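Residues in the sequence shown are numbered consecutively from 0, following numbering that gives the first Met the number 0. No residue lacks a Cβ here, since even glycine has one placed at the ideal position from N, Cα and C. It should be emphasised that the depicted structure is a prediction, and the values quoted were computed from it without experimental measurement.
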Amino acid sequence: MKNSLKLLAVLVVLLVVYLVVKSARDVSSKPQALLRVDTTRVDGMTIRNKHDVIELKKQAGIWRMVQPVDYAVETRYVHDVLAKVSDLEIEALATASRDRDSLYQVGDDGTLIRLTAGTDTLEQFIVGKTAESNRHTFVRRTGDDETYRVKGIFTGQVNRRARDWRDKVIVDLAPESIERVFFRYPKESYQLVKQDSIWVVEQNGKTFPAAQHTVDLVLKSVAKMRAVDFTDGDSARAVDFSQPELAVTVALAGGDSYRLAFLPQDPEGNRYHIRKDDVESTLFVVYKGSFSTLAKKPEDYKDKSKPQA
């Protein structure tokens, strides 16, 4: 009986030891967050990468770029970065020595991120290179010697050029809201007009029905347009738009309208500048294909499948 009690006591002790060790192992195996920041408080972000120094501010609940130019931003990019900041889990200590900063690109060659709330700095850290596995990134908090390997790829998200952070929407409307499009070239002009449910081309007092597939292509092009780049400030003001290659005025249901003027950006005409009347100090840049889709002449609207009178 005594032996049985002793055996039971030993088993209880072993069970307690096992549970303690298992609990400790479970705690130590839980991922540890690298950064200690409440991202809901963040209303400012400065990014210094190999391309630019970019400053973003949250104003009246909306994120906006304030440096190097004051402009609307692609909000989802900001949200992606903040989500990643909240999810930076330490996988392993890469090094505790600053001598290896260049190896992991967490020195001057890394991307410096500063998160602020008002005038307070909440966190500041350097995003280094992506690990060879393409599943991890090296990160070091400024002021610390330790560089950590964290879960996930982060480098590409913060290495964007300033132009890539900007909202590239030029126009984003429903094509169905368009009622009239006026095209002015240096030597001729015409308009595309919706009469009841039929689109017609009007030029010099004459009209003819427009091929619907061509109309659809043009309306989609003029209603949904995005830039690939921007020209700002003095460089934008130096572009002479007194004689554009094409000027398009779009009239919408309800009485609103907008005007887009096009000029080649380069001698080869591979890219075009666009001036939008309600946007000051900035020209949009699009590829030639975007211009060519829109730059139709009256004869381009004739239905080639039908005999012409």
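query = Hey, which unbroken runs of the alpha helix (DSSP H) at 4 residues or more fall wholly within the region 90-143?
reply = 100-103
Arginine 113 vs threonine 45 beta-carbon contact at 8 angstroms = yes
ask   = So, using beta-carbon positions, are threonine 110 and asparagine 48 closer together than 8 angstroms?
value = yes
query = Residue range of the alpha helix (DSSP H) that tyrosine 76 falls in?
reply = 74-85
message = Taking 8 angstroms as the limit between beta carbons, can you name the residues of its chain near aspartate 51, skipping five residues before and five after?
response = Pro67, Arg160 and Ala161
request  = Name the residue from Gln264, Asn269, Val126 and Leu218 whose alpha carbon lies nearest to the alpha carbon of isoleucine 248.
outcome  = Reading the sequence as shown, one finds threonine at residue 248 and not isoleucine. The candidate whose alpha carbon is nearest that of threonine 248 is Leu218.
query = Does the distance from the C-beta atom of valine 149 to that of leucine 251 stay below 8 angstroms?
reply = no
query = Can you list, in chain order, the residues of its chain whose CB lies under 8 angstroms from that of valine 65, leaving out five sequence neighbours each side?
reply = Glu54, Leu55 and Lys56
task = Report the residue from Thr115, Tyr103 and Arg274 whose alpha carbon sits nearest the alpha carbon of arginine 40.
result = Thr115
message = Considering only the alpha carbon of each residue, which of Asp228, Val72 and Trp62 lies closest to arginine 165?
response = Val72
task = Determine which residues share a DSSP beta bridge with serine 328 and list them.
result = Within the shown structure, residues of the chain are numbered from 0 to 308, placing residue 328 beyond reach of any answer.
query = Can you list the beta strand (DSSP E) stretches of 3 or more residues lying completely in the region 146-208, in chain order?
reply = 146-150, 168-171, 177-183, 188-194, 197-202 and 205-208
message = With H, G and I counted as helix, E and B as strand and the rest as coil, what does DSSP make of glutamate 298?
response = helix
task = Return the bridge partner residues of threonine 213 from the DSSP annotation.
result = DSSP output for threonine 213 lists no bridge partner at all.
task = Give me the Cα-Cα distance between lysine 311 and aspartate 195, rounded to the nearest whole angstrom.
result = No information on residue 311 is available, as it lies outside the stretch 0 to 308 that the chain covers here.
query = How would you call phenylalanine 290, buried or exposed, if buried means at least 16 neighbouring beta carbons within 10 angstroms?
reply = buried
inquiry  = If you reduce the DSSP assignment to three classes, tell me which class alanine 222 lands in.
reply    = helix
ask   = Is the CB-CB distance between tyrosine 286 and valine 227 below 8 angstroms?
value = yes
inquiry  = Using only CA atoms, which one of Glu90, Ile89 and Gly43 lies nearest to histidine 78?
reply    = Gly43
ask   = Applying the criterion that 16 or more other CB atoms from any shown protein chain within 10 Å of the CB defines a buried residue, is isoleucine 61 buried or exposed?
value = exposed
message = At the level of alpha carbons, what is the spacing between aspartate 130 and alanine 32?
response = The sequence given here has alanine at residue 130, not aspartate. Roughly 19 angstroms between the two C-alpha positions.
task = Return the bridge partner residues of arginine 63 from the DSSP annotation.
result = Lys56 and Ala71
message = Assuming phenylalanine 290 is part of the alpha helix (DSSP H), what are its boundary residues?
response = 287-293
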